[in-house]
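Residue 74 in our numbering sits at position 68 of the first sequence, and the numbers go up by one each step. The beta carbon of each residue, even a glycine, is placed where N, CA and C say it ideally should be.
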Amino acid sequence: MPELPEVEVTRRRIEPLLVGRRIRQLETTGDSYLFLTSPVQLRRGLRGRRVEFLGRRGKYLVSNLEGGSRLIVHLGMTGQLFGAGASSVRLLSATARASLVPEEQRGFRPDAHTHLHFRFEDGAPDVYFRDVRKFGKILLLASGESHPRLERLGADALDVTGELLFAATRGRRVAIKSFLLDQTVVTGIGNIYADEALHRARVRPTRRAARVTRAESDRIAVEVRNVLERAIETGGTSIRDYVTPDGSDGGFQDERRVYARQGEPCLVCDAPVRRIVVGQRGTHYCPRCQR
DNA sequence: ACCGCACCCTGAGCGC
DNA sequence: TGCGCTCAGGGTGCGG
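This is the structure:
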């Protein structure tokens with residue numbers, strides 16, 4: 007489940023494959039839920055364009071193209087962006103992998119879930135976007151054009167401050183966990199890092215946002231930044247679907263303290279980690295450390 | 001304005 | 001061995 011760190015790791019690894027390259031041709035799958043811009047318009051709009059810059063806004067990748075248009079990619083739950091050198095062995099699911107013949111395991115061969123296939127001029131390695139569940143989003147914006155999805159986003163989670171959190175939570179009755187997942191105030195936090203940051207900040211995820219104190223807001227902000235920065239350093243969290251663009255696992259799953267550790271002892275106090283549901287999301291916390 | 005919830009999708013895992 | 005059910009969840013949009 008790509009959150010800010012997984013998106014940032016992807017951005018850093020894909021940047022050298024995209025920036026400075028001119029797109030010779032784009033192949034797409036048929037129209038579906040993930041294409042906010044239709045496949046036909048996408049193919050037309052990208053052909054012959056040079057990629058000038060690859061940035062990130064929360065969990066969105068934003069690619070500036072020659073002429074001022076922008077290609078926006080959201081990885082959703084299972085989106086993967088990677089270059090031709092990545093290994094199929096690691097990118098595909100266990101079942102899909104099992105049906106590969108040995109020669110197919112070395113490079114990547116586009117399958118039914120591969121929705122974008124970029125080919126470049128000058129023979130640079132191809133780049134692919136693959137998304138099994140199609141919760142991802144692909145959008146091409148014309149020069150100067152904006153989109154409500156991007157306009158709604160709040161401050162990048164790497165820049166969050168206690169001051170901002172405290173001010174924005176006043177009068178909000180939602181659980182602090184749900185508040186952190188809402189991208190309109192702070193953007194980039196997803197389910198795993200919300201649970202991890204709240205555990206480190208010692209705040210119970212069910213606490214109403216308005217009841218979070220100024221001191222706790224500071225702790226949450228610090229821990230959000232720490233957890234995200236550490237996750238970027240370690241390559242992200244590979245716990246269900248996510249693998250890095252070269253097909254290797256991230257490392258942050260080994261530094262988890264609560265996420266998917268229900269029933270196991272809290273690493274701080276030994277009390278069993280509890281799992282509940284908050285705002286339709288599986289939520290993990292230590293009942294002793296987090297009050 | 002705010003909040004809870006259904007929905008989009010597919011594969012893994014489980015019970016029978 | 002295989003079927004059908006449930007669950008996972010980012011983000012949108014709707015109804016209360």
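In its own chain, which residues sit with a C-beta less than 6 Å from the C-beta of P11, not counting the 5 before and 5 after it?
For P11, where only same-chain residues beyond five positions count, the Cβ hits under 6 Å are L234, A237, I238 and G242.
Between A140 and the rest of its own chain, which residues show a CB-CB distance below 7 Å, the 5 nearest in sequence each way excluded?
Looking at the sequence itself, residue 140 is Lys, so the reference to Ala does not match. These residues qualify, in order along the chain: S38, Y39 and L40.
Of the residues L273, V274, H290 and Q189, which one's Cα is nearest the Cα of R158?
A check of alpha carbon separations from R158 across L273, V274, H290 and Q189 identifies Q189 as the nearest.
With a cut-off of 8 Å on the beta carbons, I'd call V192 and G160 a contact; round off their distance for me.
About 5 Å; that satisfies the 8 Å criterion.
Please state whether DSSP places E33 in a helix, a strand or coil.
strand
Taking the alpha helix (DSSP H) that V283 falls in, what are its first and last residues?
It is not in any alpha helix (DSSP H) - V283 instead sits in the beta strand (DSSP E) that spans R280 to V284.
To which residues of the same chain is G73 closer than 8 Å at the C-beta, ignoring the five residues directly before and after it?
R55 and S149
Just to confirm, are R210 and Y134 a CB contact at a threshold of 8 Å?
no
Which residues mark the beginning and the end of the alpha helix (DSSP H) in which Y199 is found?
N197 to A207
Pull up the CB-CB distance for R28 and F124, whole angstroms please, since I reckon it's below 8 Å.
10 Å between Cβ atoms; not a contact.
What does a CB cutoff of less than 8 Å around G196 pick up in its chain, not counting 5 residues either side in sequence?
Within the same chain, G196 has close Cβ partners M7, P8, E9, L10, K65 and L187.
Hey, how far is the Cα of A277 from the Cα of A227?
25 Å
Would you kindly check if the distance between the Cβ of V25 and the Cβ of L67 is under 8 Å?
no
Hey, could you find the ends of the beta strand (DSSP E) S69 is sitting in?
Element bounds for S69: Y66 to L71.
Cα separation between R179 and P271?
Going from the Cα of R179 to the Cα of P271 covers about 30 Å.
Please classify P45: is it buried, with 16 or more other beta-carbons within 10 angstroms of its beta-carbon, or exposed?
buried
Rounded to the nearest angstrom, what separates R262 and N232 at their Cα positions?
13 Å
Skipping 5 residues on each side, what residues in its chain have a beta carbon closer than 6 Å to that of R136?
Q86, H119 and T120
What does the Cβ neighbour count give for R50, buried or exposed, with the cut at 16 atoms within 10 Å?
exposed
Whole angstroms is fine: what's the gap from P154's alpha carbon to E222's?
32 Å
Under 8 Å between the Cβ atoms of V279 and G269?
Cβ distance < 8 Å, so V279 and G269 count as in contact.
In whole angstroms, give me the CA-to-CA distance for R30 and Y199.
38 Å
So, is C295 buried or exposed, given that buried needs 16 or more other C-beta atoms within 10 angstroms?
Within 10 angstroms of the beta-carbon of C295 lie 16 or more other beta-carbons, which makes it buried.
Would R53 and L32 qualify as a contact pair, given that the criterion is a beta-carbon distance under 8 Å?
yes
Within 10 Å of its beta-carbon, does F59 have 16 or more other beta-carbons around it, so buried, or fewer, so exposed?
exposed
So, is T84 buried or exposed, given that buried needs 16 or more other C-beta atoms within 10 angstroms?
buried
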